[in-house]
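The listed protein sequences correspond, in order, to chains G and W.
Those letters in the first sequence? Residues 16 to 102, per the working numbering, in order.
Those letters in the second sequence? Residues 29 to 222, per the working numbering, in order.
Beneath this line is the structure, given in structure tokens, with notes to follow.
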Amino acid sequence: MTKYKVNINRPKVSADEIGQNMDFNIVLKKYKREKHSALKINWLIIYIIILVVLLAAFFAVRVINDEENKGKEKKTEAGKVEMLDFE
Amino acid sequence: MIQQSKYHVTKEEMDKEHDIVEQAKIDPSKFSILYNKYYAQIFRFLYQRVNDKETAFDFTSQVFLKAMVNLPKYKYRGVPFSSWLYRIAHNEINLVFRKKIVARTVNIETEHLNSIIEEIEEDENGLEKYQGILIEVIADLPAAELEIIEMRFFEKRPFKEIAEILEITENNAKVKVYRLLDKLRKRITTGKRK
Chain G
16 MTKYKVNINR
26 PKVSADEIGQ
36 NMDFNIVLKK
46 YKREKHSALK
56 INWLIIYIII
66 LVVLLAAFFA
76 VRVINDEENK
86 GKEKKTEAGK
96 VEMLDFE
Chain W
29 MIQQSKYHVT
39 KEEMDKEHDI
49 VEQAKIDPSK
59 FSILYNKYYA
69 QIFRFLYQRV
79 NDKETAFDFT
89 SQVFLKAMVN
99 LPKYKYRGVP
109 FSSWLYRIAH
119 NEINLVFRKK
129 IVARTVNIET
139 EHLNSIIEEI
149 EEDENGLEKY
159 QGILIEVIAD
169 LPAAELEIIE
179 MRFFEKRPFK
189 EIAEILEITE
199 NNAKVKVYRL
209 LDKLRKRITT
219 GKRK
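What follows is the structure, given as structure tokens:
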């Protein structure tokens, strides 16, 4: 028993038979389909990146606003204490 | 003595081919020239390694599709465009064998065994004497070694082309072939398959 299947002097495939199977248009169609789906995937990736960037920007603005508001509250509280001391 | 490869390509032909490749990078329909030129060669390369025609035809289309998709990455290195196609075919078929989608087949023409026996045995009656054991020894070689025997002795490829397909140096390809012949010589003369 050998590792591989062995064929000795197998009949050759004729040039005519090869010619019948070599239609470039089939491969060209497959290529265009593949390119088209690759392009779709690329656009999907771009959309996702844009979405992530927008979300990150939105949350960043929210965090900055929250921080600013907290700062203002603290200032107001500090002002009240000073006024009490003055009285 | 190994004859000149029937697939030998001259420098002018390679330059012409390079122009077509550059055109095909821009306009994929131009690839049809290369497709028509190399379809039969790539088919025969794959058919040598599989059992049936249909599988070989399927893989041939797959190889050309991959070539078209990856054409922008192709760089001319002074070897025929076919070497690049063979490399894709070689990688594709090995992947299929590794995944066990298709079984590896060895297709031997007895006339091709002559060239191996001529290299390893000076006896004129070598073919009659060793044919049987040589077939068994070849069919038991590791896949990488079998590939070298097929390319050099069954397909009569020059060392440069073998090196390009296997992504090794030409000297390395020569060393591998001579080591393999030595291994075959030892095995057939001792009558051991392994």
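Glycine included, every Cβ here is placed at the ideal spot set by N, Cα and C.
Pairwise C-alpha distance: residue j and residue i
i	j	result
K47 (chain G)	F87 (chain W)	18 Å
A201 (chain W)	V107 (chain W)	16 Å
Y114 (chain W)	R185 (chain W)	12 Å
K214 (chain W)	R207 (chain W)	11 Å
M29 (chain W)	E139 (chain W)	Because the pLDDT at M29 (chain W) is just 45, under 50, the model does not fix this residue reliably, and the value given afterwards should be weighed accordingly. Approximately 14 Å between the Cα atoms of the pair.
E149 (chain W)	E183 (chain W)	20 Å
K128 (chain W)	L174 (chain W)	17 Å
Given residue i as reference, the closest of the options once Cα atoms are compared
i	options	result
I136 (chain W)	W:K39, W:V165, W:T217 and W:F85	W:V165
Y66 (chain W)	G:D38, G:N80 and G:K85	G:D38
N142 (chain W)	W:L162, W:V134, W:K127 and W:V130	W:L162
L212 (chain W)	W:Q90, W:Q159, W:Y63 and W:T83	W:Q159
L93 (chain W)	G:I41, G:S52 and G:I56	G:I41
K204 (chain W)	W:D43, W:T217, W:M179 and W:V97	W:M179
Q69 (chain W)	G:Y62, G:I33, G:N80 and G:K20	G:I33
I145 (chain W)	W:S60, W:F73, W:F181 and W:E45	W:F181
Interface residues of chain G facing residue i [CB-CB closer than 7 Å]
i	result
A167 (chain W)	T17, K18, Y19 and V21
F85 (chain W)	N36
T133 (chain W)	Y19, K20 and N22
Contacts of residue i in chain W (Cβ-Cβ under 8 Å)
i	result
I41 (chain G)	S89
V68 (chain G)	Within chain W, no residue comes near V68 (chain G); the closest Cβ sits about 29 Å away, beyond 8 Å.
Identified DSSP bridge partners for residue i
i	result
V21 (chain G)	W:V134
Under 9 Å from the C-beta of residue i: neighbouring residues of chain G
i	result
I49 (chain W)	Per the sequence shown, the amino acid found at residue 49 (chain W) is Val instead of Ile. Near V49 (chain W) there are no residues of chain G at all, since even the closest Cβ is about 15 Å away, more than 9 Å.
Contact set between residue i and chain W, taken where Cβ atoms lie within less than 9 Å
i	result
I56 (chain G)	Under the 9 Å cutoff, chain W gives no residues; its nearest Cβ is about 13 Å from I56 (chain G).
E49 (chain G)	L93, M96 and V97
7 Å Cβ cut-off: residues of chain W touching residue i
i	result
K45 (chain G)	L93
A75 (chain G)	Going along chain W, no residue has its Cβ under 7 Å from A75 (chain G), so there is no contact; the nearest lies around 38 Å.
Entirely enclosed beta strand (DSSP E) segments - the stretch 64 to 113 of chain W, minimum 3 residues: none
Residues of the stretch 91 to 113 of chain W with Cβ closer than 8 Å to any Cβ of chain C, in chain order: Among the protein chains in the structure shown, which are G and W, there is no chain C.
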